[in-house]
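Numbering (this note's numbering), first residue to last: 2 to 104.
Remarks on the structure that follows.
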Amino acid sequence: MTRSSAHKWDWGDDMVVCYLFRFPSKDIGYTDTDICRILDITEAALPMRKANFAAAAGQGGLSPGSALTRCVYGAMKDVPEEHHRVQVLAYLDWKQGRDCTGG
């Protein structure tokens with residue numbers, strides 16, 4: 002898959018990165034390289050997007066990032082890990098054209 006020159010972030014993309022930010026030690030069965038390929042982003046974009054979530058959480062010196070990042074962080078910051086994980090895995094399956102309904 003060739004990375005698009007101007008990736009347009011959406012809720013699902015940010016929800017995945019929010020999970021990676023919130024639970025950095027959890028293994029979801031995908032490497033960062035896999036996730037970048039699935040989301041169609043460069044590997045350099047992933048740590049930058051994680052830094053936006055750190056800023057949204059008040060942990061970084063960057064500006065709070067995009068309105069979408071702040072919205073996703075606000076919605077997901079209190080979601081238990083196992084529930085956030087299910088959403089992330091379903092989204093990654095959907096992005097790859099797989100059945101994400103559990104059927």
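All residues carry an ideal CB built from backbone N, CA and C; glycine is no exception.
In this structure, Val89 keeps its C-beta atom at 7 Å or more from the C-beta atom of Val18. By the Cβ criterion, the segment 18 to 37 is in contact with the segment 53 to 63, since at least three pairs of Cβ atoms, one from each stretch, lie closer than 8 Å. Annotation for Phe22: the continuous alpha helix (DSSP H) segment containing it runs Trp12 to Arg23. Shown here, Val89 sits in a helix according to DSSP, grouped into three states. Apart from sequence neighbours up to five positions away, the residues of its chain that approach Ala91 with a beta-carbon distance below 6 Å are Cys101, ordered along the chain.
Per the C-alpha coordinates, the member of Glu82, Glu83, Thr70 and Cys37 positioned closest to Trp12 is Thr70.
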